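Numbering (the UniProt record's numbering), first residue to last: 1 to 588.
Glycine is no exception: its CB is placed at the ideal position from the N, C-alpha and C atoms.
Note that this is a predicted model, so its numbers are computed, not measured.
Notes follow once the structure below has been shown.
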Amino acid sequence: MSSLASKLTETVAAAFAAEGLPPELGHVTVSNRPDLGQFQCNGALPAAKRVGANPREIAQRVADRLAADPRFQAVSLAGPGFINLSLTDAVLAGHVDGQARDERLGVPKTNPPRRVVLDYGGPNIAKPMHVGHLRASIIGDSLRRIVLFAGDEAVGDVHMGDWGTPMGMVISEIARRQPDLPYFDPDFTGPYPAESPVTMEDLEVLYPAASQASKADPARMEESRKATAELQAGRPGYRALWQHFIDVSIAGMKREFDSLGVRFDLWKGEAAVHDLIEPMVEELEAKGFAETDDGAVIVRVAEEGDRKEVPPLILVKSDGAFTYGTTDLATIVDRRQSLDPDLGLYVVDRRQSLHFEQVFRAARKAGLNGKSDLEHLGYGTMNGPDGKPFRTRAGGVMKLYDLLDTATEIGLKRLEEAHLAEGYPEEERREIARRVGIAAVKFADLSNNPSSDYVFDLDRMLRFEGKTGPYLQYAAVRAKSLLRRADGQGDAPGTILPAANEADRALMLQLGQLPDAVRNAYDKRAPNELCDFAYALAREFSRFYDACHVLSEPDPARRASWLGLAALTLRQLELALGLLGIEIPDRM
Ligand code: ARG
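Set out below in structure tokens:
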């Protein structure tokens, strides 16, 4: 099955072909002038240009062919040659009824399935996770769900930053504060204590202190660098201490990601590929892809036709250190060896686009990526209401945990204002508020095109009116409650009948669009397509709900048909919101 528009595209394309015109011009979309027709095709205009004829005449010839098709209730022309199409109510209802009978709601799988590695989240060890990592997590997790639903295999990798100078900074800071720990004793023969000498909270203090000290004092910076180099070279005490950082940080991150409903299949980091780096660099040098330049080892990646300069990728700096680019390149090797994916999709801040351009070019040049396509989906900045990168009132970057707490508190207030969840047990109210808070944050993020900046405004995103997560949850809860009440009076969803009025007809048209929304979200890596769809569906459902008095409808077949529409609406909202990572409460 597919969407109505794509089914009609086949029909109209055939009519174009029968007129000796390019069939790809028979593309049909849902009409932006519903008063003129349900669908439109604007292909007669470019067709006329190609064959040097009058567009209106071409449109008329195509329209005459279509008018003979009994599925159309109306075929008309508008303007210079737009073709408007409306289906008969029977065809429309038949299509929607078919969707309701399909387990996948009419959404086809991608063909053939691909193995996709998604790289998102990207928090850094020893540093607290902040709202800056929020976008990567939310967008990446939604894409993982979309890719999975499309029938692909998805592997989400958190790709932690766990191997750079910050690690050496924290090690040398601890060495100053607690020099007697066995980790710093070169003669210690182990085993090292199983318990971490630092907690997540300690790290949150240690890292900023170490970083400031290193910035202020070149000697401290040198100490940090040396500790980093020794850690990477495998000094046992440093490795053991570092492993504690990893363990406590991952525990903390898992808690935060869990509470946000974001999940990963792999918890790998930069360090995981350390042992692949040397052989990789040697191979690249031996094969002539890398060269020595001023003491550094680089891969030249500039290409003819570059409009801006693309500097070489530095693999080894003149002081012997590896770079962020080196680990990313080695990660491509690691993923090829362990997973051999068809696609690597990186959901990382747009400001890193040059970095990924360099890494991808180097990988392709040397064939390190195997059969894998490489794509960077660069997201924009989350700004505060002042238009500057988001900060808390105190000026710091807000932590994820605090953010979700705040969202839950506002959610509770909003439930009260809207007289929702009244009289429910306190625990259930809090759980609803928590879901509302997360839905608000996720939907506000996902409803923008990933590449654009957006304003993070908790008060606005937590409203129950307008294009918000809570509004969509509310629409779905309303459908649930309608179905529950119907069940209570012995009514169940049944066959969807031809429309009875404008409102149920419009709802059916909207329901017919789901496959296109899912397809577009997948093809364009754009969860916002699903947000737009879900919002349009919720609005049509709300009009339907007001216009059609389902439970008191006297005709049992009509009642069952309308319940069928409500049930299908609910399943579509559940699917769309599910792909966005948003949970729907049972009631509110
Ligand atoms: N840790 C990095 C940061 O905080 C993001 C990592 C993104 N993924 C990657 N493969 N480079 O900026």
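- In the displayed model, S142 falls within a helix according to three-state DSSP.
- Distances between the C-beta of H159 and the heavy atoms of the ligand ARG include at least one below 6 Å.
- With 16 or more other Cβ atoms inside 10 Å of its own Cβ, Q473 counts as buried.
- Closest in alpha carbon position to M160, among E409, K254, T29, F456, is K254.
- The ligand ARG has no heavy atom closer than 6 Å to the beta-carbon of N369.
- In the displayed model, R115 falls within a strand according to three-state DSSP.
- In terms of Cα proximity to W267, the closest of D157, A444, P193 is D157.
- Taking I332 as the centre and dropping the five residues before and after it, the same chain places the C-beta of A363, L368, N369 closer than 6 Å to its C-beta, in chain order.
- For M588, same chain residues with a beta-carbon under 6 Å away, outside a window of 5 residues either side, are L420, A421, I432, V477 in chain order.
- A contact between stretches requires three or more CB pairs, one per stretch, nearer than 8 Å, and the region 107-118 meets this requirement with the region 139-157.
- Apart from the 5 residues on each side of it in sequence, P186 has no Cβ closer than 6 Å to any other Cβ in its chain.
- Contact between L482 and A566 holds, with the beta-carbon distance rounding to 5 Å and staying under 8 Å.
- In this chain, the beta strand (DSSP E) harbouring H376 covers 373-379.
- In this structure, G512 has its CB at a distance of at least 6 Å from all heavy atoms of the ligand ARG.
- Taken through DSSP and simplified to helix, strand or coil, A154 comes out as strand.
- Q243 sits exposed, since fewer than 16 C-beta atoms from the chains shown fall within 10 Å of its C-beta.
- Placement of the Cβ of G106 at a distance of 6 Å or more from every heavy atom of the ligand ARG is found.
- The region 20-29 and the region 524-541 do not touch, with fewer than three beta-carbon pairs separated by less than 8 Å.
- Note: V550 is not bridge-paired with any residue in the DSSP secondary-structure output.
- With respect to the 7 Å criterion, A219 and G168 are not classified as neighbours on the basis of their beta carbons.
- P166 is the residue among P166, E270, A240, I277 whose C-alpha sits nearest the C-alpha of R225.
- Between A78 and L36 a beta carbon distance of about 6 Å is seen, short of the 8 Å cut, so the two are scored as contacting.
- The C-beta distance from A521 to P515 rounds to 11 Å, too long to fall under 8 Å, and the pair is not in contact.
- Secondary structure note for Y522: it is in no beta strand (DSSP E), and the uninterrupted alpha helix (DSSP H) holding it is 514-524.
- Collapsing the DSSP output to three states places G161 in a strand.
- Relative to the ligand ARG, N32 has its C-beta separated by 6 Å or more from all heavy atoms.
- A direct Cα-to-Cα measurement between Y424 and I584 gives close to 16 Å.
- Around the C-beta of A302, fewer than 16 other C-beta atoms lie within 10 Å, and the residue is accordingly described as exposed.
- Its Cα nearest to that of L551, the residue L563 stands out among S542, L563, F541.
- A heavy atom of the ligand ARG is found nearer than 6 Å to the CB of G122.
- Per DSSP, reduced to three states, the secondary structure at M200 is helical.
- Taking the CA atoms as reference points, V147 sits about 29 Å from D457.
- Judged by beta-carbon spacing, K442 lies within the 7 Å limit of G581, meaning their Cβ atoms are closer than that value.
- DSSP lists A296 as the bridge partner or partners of D293.
- Here A560 carries a helix assignment [DSSP, helix/strand/coil].
- The three-state reading of DSSP puts A78 in strand, counting E and B together.
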